[in-house]
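Participant: Protein chains in written order, with the working numbering: chain R, 1 to 203; chain Z, 204 to 406. C-beta: ideal position from N, C-alpha, C; glycine also. My questions all concern the structure below.
There are 2 protein chains.
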Amino acid sequence: MTAEAPSPRRGRPPGTTARALELIALQLFTEQGFDETTIEQIGTAAGVSRRTFFRYYDSKAAVLWDDFEGEVERLRAAFARVPYDVPLMDAIREVVVGVNRYRAEDVPELRTRMRLISSVPALQASAAPHYDRWERAVGDFAAARLAQPADSLYPLTISRTTLAACRAAFDHWLARGDEDLTSYLDLALRALITGFSDMLTTG
Amino acid sequence: MTAEAPSPRRGRPPGTTARALELIALQLFTEQGFDETTIEQIGTAAGVSRRTFFRYYDSKAAVLWDDFEGEVERLRAAFARVPYDVPLMDAIREVVVGVNRYRAEDVPELRTRMRLISSVPALQASAAPHYDRWERAVGDFAAARLAQPADSLYPLTISRTTLAACRAAFDHWLARGDEDLTSYLDLALRALITGFSDMLTTG
DNA sequence: TTGTTTTCGTCACTTGGTGACATTAACATT
DNA sequence: AATGTTAATGTCACCAAGTGACGAAAACAA
């Protein structure tokens with residue numbers, strides 16, 4: 001997972017890379033649709049068999065979630081660095097917004113990936129376990145701060161609503177991409193923290 | 204959907220009912236697991252072929268969501284009856300809590316159904332389109348109140364976080380079923396509306 | 001040259017889901 | 001009583017996702 005030791009390179013060398021499969025799949029999905037793309041096609045384009053694809057990814061949809069899992073790790077790492085004097089909800093907002101700052105060169109791929117996820121039913125369905133791990137990262141932090149078990153009502157509610165606000169920001173960013181993603185995230189999370197009280201007058 | 208007219212009963216009579224298939228599936232799922240139950244088994248138990256099952260339900264998981272779709276309709280109907288002077292977030296809380304009052308006799312089935320949905324990955328994945336319609340019901344109401352398009356950031360955020368809070372209440376109710384479901388729903392939604400400000404002191 | 005190791009390819013199989021088409025069982029008509 | 005119409009079912013064929021088993025290829029080491 002971290003740095004690769006200078007492994008003595010035993011055995012048959014891999015015929016492709018997870019990243020290569022991801023890029024090929026991403027292109028085929030956008031070109032001809034997710035459901036219309038078979039794993040056979042992805043494998044062929046990568047010069048590898050269908051069976052080998054499933055050795056790199058557990059499912060056809062998993063290709064789209066590789067980067068997301070990395071974000072979950074960054075999320076946990078960022079929470080671990082938050083000072084104790086930062087209020088709970090402010091800490092969550094700052095961490096979540098901070099983790100979701102992307103380099104300009106990475107934005108196009110992020111956009112096509114998120115557009116696929118939010119438009120293809122089969123991909124929306126595949127989101128559940130990944131969202132769950134994301135929520136768990138937030139929930140563990142909230143539970144520790146509140147000195148409550150992670151499955152208590154408040155940590156659960158905080159983590160779930162936080163993700164919900166972020167998804168709203170993402171979807172709005174996809175629909176009207178005139179603004180920066182982080183602005184929308186910050187807006188949505190601030191609305192969440194204030195209990196949607198400000199928008200009733202400024203709305 | 205409503206009352207059935209005294210239809211002249213043309214054609215071959217149905218060999219089963221959607222409700223019958225639902226009950227049989229629910230029992231088999233709890234007894235031997237969702238993934239371990241084939242549609243062939245459900246059909247056989249109902250005295251009907253595999254193909255016929257798919258004429259009643261679009262997928263194996265759809266059986267668990269029939270009642271939920273009814274709740275979405277009740278949700279929309281309840282929103283339509285809310286007076287204009289009730290504040291937005293209060294209206295949402297009251298409507299959502301009100302719609303989720305179940306008769307004591309219906310609670311056991313609700314419990315097993317929700318337990319299945321929250322524990323089986325394949326069923327969690329199947330939730331997406333139904334959650335989407337539920338959110339849309341809330342979002343349309345919020346959008347109308349805020350005089351904004353339904354895909355604006357705030358209506359989106361409100362509807363998504365509302366469902367998120369409800370799901371937290373449901374899951375906590377499943378894990379620790381000592382209290383009433385509506386109490387948890389009310390607690391979670393009040394926490395959402397206050398921006399989680401009260402729990403920081405009351406812990 | 002002979003192992004050892006790692007990855008890959010082939011094959012067989014189950015299951016979910018779909019389309020096409022014949023078939024059954026009711027009622028209506030003549 | 002025979003025939004037609006209608007609605008639901010059954011059968012069949014098919015595709016694609018995913019999985020397990022097992023042998024083969026490709027590297028390096030001894």
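Can you tell me whether DSSP reads residue 46 of chain R as helix, strand or coil?
Facilitator: helix
Participant: Got a sec: is the Cβ-Cβ distance from residue 207 of chain Z to anything in chain R below 7 Å?
Facilitator: Its pLDDT being 39, under 50, residue 207 of chain Z is placed unreliably by the model, and the measurement read from it follows with that caveat. Chain R, which has no Cβ nearer than 7 Å to the Cβ of residue 207 of chain Z, makes this no.
Participant: Can you pull out the residues from the region 92 to 125 of chain R whose beta carbon lies closer than 8 Å to at least one beta carbon of chain Z?
Facilitator: 121, 124 and 125
Participant: For residue 215 of chain Z and residue 321 of chain Z, I'd like the C-alpha separation in whole angstroms.
Facilitator: 38 Å
Participant: Who are the Cβ neighbours of residue 34 of chain R in its own chain at under 7 Å, not counting the five residues just before and after it?
Facilitator: 116, 120, 122 and 123
Participant: So residue 277 of chain Z packs on residue 302 of chain Z, CB below 8 Å; how close in whole Å?
Facilitator: Separation of the CB atoms of residue 277 of chain Z and residue 302 of chain Z is rounded to 5 Å, and the pair is thereby assigned contact status at 8 Å.
Participant: Between the alpha carbons of residue 401 of chain Z and residue 387 of chain Z, how many angstroms are there, rounded?
Facilitator: Distance from the CA of residue 401 of chain Z to the CA of residue 387 of chain Z, rounded to the nearest whole angstrom, comes to 15 Å.
Participant: How would you write the range of the alpha helix (DSSP H) that residue 326 of chain Z sits in, first residue to last?
Facilitator: It spans 324 to 329 - the alpha helix (DSSP H) in which residue 326 of chain Z sits, taken as one unbroken run.
Participant: Note down, in chain order, every chain R residue with its Cβ under 9 Å from the Cβ of residue 333 of chain Z.
Facilitator: Result: empty, since nearest Cβ-Cβ is about 11 Å, beyond 9 Å.
Participant: Please list, in chain order, all residues of the same chain as residue 256 of chain Z whose beta carbon is under 7 Å from its beta carbon, the five residues on each side excluded.
Facilitator: Excluding residues within five positions, the ones whose Cβ falls inside 7 Å are 224, 242, 245 and 246.
Participant: The alpha helix (DSSP H) that contains residue 356 of chain Z, what's its start and end?
Facilitator: 356 to 378
Participant: Counting C-beta neighbours from all protein chains within 10 Å, is the total for residue 253 of chain Z 16 or more, i.e. buried, or is it exposed?
Facilitator: That one is exposed.
Participant: Just the Cα atoms here: how many angstroms apart are residue 203 of chain R and residue 137 of chain R?
Facilitator: Bear in mind that a pLDDT of 40 at residue 203 of chain R, under 50, signals an unreliable position, so the model cannot answer this.
Participant: Spatial neighbours of residue 251 of chain Z within its chain, please: C-beta separation below 6 Å, excluding the five flanking residues on both sides.
Facilitator: 218 and 219
Participant: Residue 196 of chain R lies in the alpha helix (DSSP H); which residues open and close that run?
Facilitator: Premise fails: residue 196 of chain R is in no alpha helix (DSSP H) and is neither H nor E.
Participant: CA-CA distance, residue 90 of chain R and residue 71 of chain R?
Facilitator: 19 Å
Participant: With C-beta atoms as the reference, is residue 346 of chain Z less than 7 Å away from residue 368 of chain Z?
Facilitator: no
Participant: Beta-carbon of residue 363 of chain Z versus every beta-carbon of chain R: anything under 7 Å?
Facilitator: yes
Participant: Can you say whether residue 213 of chain Z is buried or exposed, counting buried as having 16 or more other CB atoms within 10 angstroms of its CB?
Facilitator: exposed
Participant: Quick one: what does DSSP say residue 66 of chain R is sitting in, helix, strand or coil?
Facilitator: helix
Participant: Straight-line CA distance for residue 270 of chain Z to residue 371 of chain Z?
Facilitator: Distance between the alpha carbons of residue 270 of chain Z and residue 371 of chain Z is about 19 Å.
Participant: Residue 140 of chain R CB to nearest chain Z CB: under 7 Å?
Facilitator: no
Participant: I'd like the span of the alpha helix (DSSP H) that includes residue 147 of chain R, first residue to last.
Facilitator: It is not in any alpha helix (DSSP H) - residue 147 of chain R carries neither H nor E in the DSSP assignment.
Participant: Give the residues of chain Z in contact with residue 167 of chain R, contact being defined as C-beta atoms less than 7 Å apart.
Facilitator: Close to residue 167 of chain R, with beta-carbon spacing below 7 Å, are these residues of chain Z in chain order: 363.
Participant: Output, in chain order, the set of chain R residues within a Cβ distance shorter than 7 Å of residue 353 of chain Z.
Facilitator: Those within 7 Å of residue 353 of chain Z in chain R number zero; the least Cβ separation is about 11 Å.
Participant: If we cut at 7 Å on Cβ distances, does residue 360 of chain Z have a partner in chain R?
Facilitator: yes
Participant: Please compile the residues from chain R whose C-beta is within a distance smaller than 9 Å of the C-beta of residue 396 of chain Z.
Facilitator: Around residue 396 of chain Z, the beta-carbon contacts reaching into chain R at under 9 Å are 195, 196 and 197.
Participant: Which stretch, first to last residue, makes up the alpha helix (DSSP H) that contains residue 296 of chain Z?
Facilitator: Run containing residue 296 of chain Z: 291 to 302, per the alpha helix (DSSP H) assignment.
Participant: Can you tell me which of the three DSSP states residue 233 of chain Z falls into?
Facilitator: helix
Participant: Quick check on this structure: which residue in Z:279, Z:376, Z:394 and Z:395 has the alpha carbon closest to the alpha carbon of residue 342 of chain Z?
Facilitator: Selection Z:279, Z:376, Z:394 and Z:395 evaluated against residue 342 of chain Z yields Z:279 as nearest (Cα-Cα).
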